[in-house]
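Position in the sequence shown counted from 1, then plus 98, gives you this note's numbering. Ideal Cβ positions, reconstructed from N, Cα and C, are used throughout, including at glycine.
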Amino acid sequence: KVLDSAVEELELITGQKPLVTKAKRSVATFRLREGMP
Numbered sequence: 099k100v101l102d103s104a105v106e107e108l109e110l111i112t113g114q115k116p117l118v119t120k121a122k123r124s125v126a127t128f129r130l131r132e133g134m135p
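Here it is in structure tokens:
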């Protein structure tokens, strides 16, 4: 998955694990559904 590889690359670059935040509520203008990263 694209997101997983991006997380791994960021971890290698910065030396700390990035936190993947998921959407709390749906936002139509951003085409975002609840629970999407």
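- MET134 and LYS120 have their C-alpha atoms roughly 5 Å apart.
- In the three-state reduction of the DSSP assignment, VAL125 falls in the strand class.
- Within the same chain, no residue comes within 7 Å of ASP102 by CB-CB distance, once the 5 residues on both sides are set aside.
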